[in-house]
Amino acid sequence: MARWTFDKMLLVAANALALFAEFEHSGFAVNADFLQTVPILAGGLLLTIVLIFYEPAWLYLVAGIGSAVLPLLVLSVFAGPQILTLSGSAEYSGALALALAVVFALVGGIGGFLRARRGASWSPAQGFGAPTGVALVLLTVLALGMGLASALAHDNATSGGGGGVGVDVPHATVALTTKDIQFSPQSLDVPVGQLVEIDIDNQDNVDHTFTYAVNGTTYGHAVPAGVITKVILKFDQPGDVPFWCVPHSPSMKGVMHVA
Ligand SMILES: [Cu+2]
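In this text, residue positions in the sequence shown follow my numbering: the first is 634, and each later residue adds one.
In structure tokens:
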């Protein structure tokens, strides 16, 4: 029978947190954005499940590193000042869950490896029943609960809003939709030299950003879930201007053809 060591529990908690963060990131839907993370998530998860029943020292190390890969990859996308654009958004709790997952995975993996090599593994009494085990489970449940609550509160706060600013001078209007973690259309025709209002209808349950760079300067606009956000801009020169969503940038992007 498998023994529940503290190190194993850390690894299970790390995987639960990573799975939660990715599920929240995709708006609690099994969509393309979620599925692309599954192969990387599955590696750490499978290694951890095998470790529960079969526990050589090296497997702790491999499972720990395997479980840290996805959270580290995702966090590296958020790294630097970009993470601040998530502050206050529903994605922020996901980023915190990922950070906790990295700590749990590395502490459980490296700690378990060292203990198993010394043959000094935790006794069953140091598992779920021990104060450390109870504290760990509570901490994980608390982190998941807080993430879920903030995601729901955020959705409630932003849905039903809408409206926004209007422009009382002649201008062009371009419609843009975000749905299933994609911009639609991904190619916009934007007239040069005049005010353009871009109406972004976010039909997802998650927040996006409308971020673009022109002449080396990056401009970002929050695009909250469930409302239409109006962005007013003007380009003085023709050319292609790429735009993207910061949290979903590897796959969520498009280009404005200014002419
Ligand atoms: Cu996005």
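Backbone N, C-alpha and C define an ideal beta-carbon position, used for all residues, glycine too. No experiment lies behind these values; they were computed from the predicted model shown.
With a 10 Å radius around the Cβ and a threshold of 16 neighbouring Cβ atoms, LYS867 comes out exposed.
Residue burial is scored here from C-beta neighbours: PHE686 has fewer than 16 other C-beta atoms within 10 angstroms and is therefore classed as exposed. If you check the C-beta of HIS854 against ligand 1, you find no heavy atom less than 6 Å away. Take the alpha-carbon of PHE816 and the one of VAL860: they are about 15 Å apart.
A distance below 8 Å between beta-carbons, with the five flanking residues on each side excluded, links ALA805 to the following residues of its chain, in chain order: VAL823, PRO824, GLN827, LEU828, VAL829 and GLU830. Proximity to ALA734 across THR811, LEU777 and PHE843 peaks at LEU777, based on C-alpha coordinates. Taking the Cβ of PRO883 as the reference point, every heavy atom of ligand 1 lies at 6 Å or farther away. Excluding five sequence positions before and after PHE653, the CB atoms of its chain that fall closer than 6 Å to its own CB belong to ALA730 and LEU777, given in chain order. Counted as a single uninterrupted DSSP element, the beta strand (DSSP E) harbouring ALA808 occupies residues 805-812.
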